[in-house]
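FYI, the numbering for the sequence shown is 2 to 260, going by the working numbering.
Beta carbons are placed, not taken as given, at the ideal position from N, Cα and C, and that holds for glycine.
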Amino acid sequence: MIDTHAHLNFQAFESDYGKVIDRAFKSGITAIINVGSNLETSLKAVQISQAYNKGIFAAVGLHPIHVKDESFDESQFLSLAKANKVVAIGETGLDYYHDKSNAGQQKSVLKKSLQLATKVDKPVILHSRLAGEEILDILKEFNFTGQGVMHCFSEDWQIAKKFLALGLYLSFTGIITFKNNHMVQDVIKKMPLNRLMIETDSPYLSPEPYRGERNEPKNVIEVAKKIAEIKNIPLEKIASITSQNAISFFNLTNFLQAC
2 MIDTHAHLNF
12 QAFESDYGKV
22 IDRAFKSGIT
32 AIINVGSNLE
42 TSLKAVQISQ
52 AYNKGIFAAV
62 GLHPIHVKDE
72 SFDESQFLSL
82 AKANKVVAIG
92 ETGLDYYHDK
102 SNAGQQKSVL
112 KKSLQLATKV
122 DKPVILHSRL
132 AGEEILDILK
142 EFNFTGQGVM
152 HCFSEDWQIA
162 KKFLALGLYL
172 SFTGIITFKN
182 NHMVQDVIKK
192 MPLNRLMIET
202 DSPYLSPEPY
212 RGERNEPKNV
222 IEVAKKIAEI
232 KNIPLEKIAS
242 ITSQNAISFF
252 NLTNFLQAC
């Protein structure tokens, strides 16, 4: 099983990310994508990935909530993007939940991130809060033909269909285990298995029965269990399919064969 989106590079894990990684591997997790949200955490993600000879990979990018404090340093992010074990650009996107006053700035960084992903031929991890239609518009305007995933997908089937039509993947977190989250559960029920991935977004969004605790990659199994329940498919099949989707999306085959 693969956790396609975690933040072990964040302060919440500063003192024990090694133990968290050990617990994940012992629980059957084979790989974790450690995702940056600004230059500092992107560098940390790369450093952590390179400290392990297997299973830990990095993504580098500038999250929309950080664009007000940090400009997108194209040369620095390009350098990081070329580092060994960096498998994606992100996370990037639009977040209007916290602040829409800097929407222009957010869009500019998103476009630069798409350009970077194209330049280094790596997939992009997209973040959206209250901005699905605008991200769709930018992807179409940019004529983006690379690989993309909508991380922590939390919108309805009408938006989901549009992202799927552009060839994107959808990734789901522990929020799907929350009792009243019928909208996202409906998306899972209707979407094809070959575009589906799972994640924790650790340290956030702990699934039931760990809600309220710090989340960690080993808990991604709870996401897989819920998807298996929704789709009425054996857990082993969900684990296998989502892992193969992640291996293909992040181009992990050579890394995992070398381990």
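Candidates I242, N233, V21: closest to M2 by CA position
I242
Nearest chain C C-beta to H128 closer than 9 Å, yes or no?
As a matter of chain content, chain C is missing from the structure shown, which is built from one protein chain.
Name, in chain order, the residues that DSSP records as bridge partners for A60.
V36, A89
Within 10 angstroms of the Cβ of K83, are there 16 or more other Cβ atoms? Answer buried if so, exposed if not.
exposed
Please classify N39: is it buried, with 16 or more other beta-carbons within 10 angstroms of its beta-carbon, or exposed?
buried
For Q48, which of K69, L9, C153 has the nearest alpha-carbon?
L9
For a test of the three-state rule: what should DSSP assign to M192, helix, strand or coil?
coil
Opening and closing residue of the beta strand (DSSP E) in which V150 lies
149-151
Would you call the stretch 62-79 and the stretch 111-125 in contact, with 3 or more CB pairs under 8 Å?
yes
The alpha helix (DSSP H) spanning V68 covers which residue range?
V68 -> no alpha helix (DSSP H), and no H or E assigned at all.
In angstroms, rounded to a whole number, what distance separates the CA positions of L79 and N233?
43 Å
Give a yes or no on whether the C-beta atoms belonging to H99 and R130 are separated by under 9 Å.
yes
Measure from the alpha carbon of K141 to the alpha carbon of each residue in S16, F164, K86, V121, then state which is nearest.
F164
Leaving aside the five residues before and after S50 along the sequence, list all residues of the same chain whose C-beta is less than 7 Å from its C-beta, in chain order.
N35, I57, F58, A59, K86
Beta-carbon within less than 7 Å of N182's beta-carbon, same chain only, minus the 5 sequence neighbours each way: which residues are those?
I176
Status (buried if at least 16 other CB within 10 Å, exposed otherwise) for K227
buried
Alpha carbons only, please: which of Q107, E156, E237 is nearest the one belonging to I222?
E237
For my contact list, M192 and L171 are in at a C-beta cut-off of 8 Å; report their separation, rounded to the angstrom.
6 Å
Under the three-state DSSP convention, the category I49 falls into
helix
Taking the continuous beta strand (DSSP E) assigned at A7, which residues delimit it?
3-7
Using a Cβ-Cβ cutoff of less than 6 Å, which residues in the same chain neighbour I160 once the five nearest sequence positions on both sides are dropped?
G133
Any idea what DSSP makes of H128, helix, strand or coil?
strand
Rounded to the nearest angstrom, what separates N304 and Y97 at their Cα positions?
In the structure displayed, the chain extends from 2 to 260; residue 304 sits before or after that span and is not available.
So, is T254 buried or exposed, given that buried needs 16 or more other C-beta atoms within 10 angstroms?
exposed
Let me know the secondary structure DSSP gives L253 once reduced to three states.
coil
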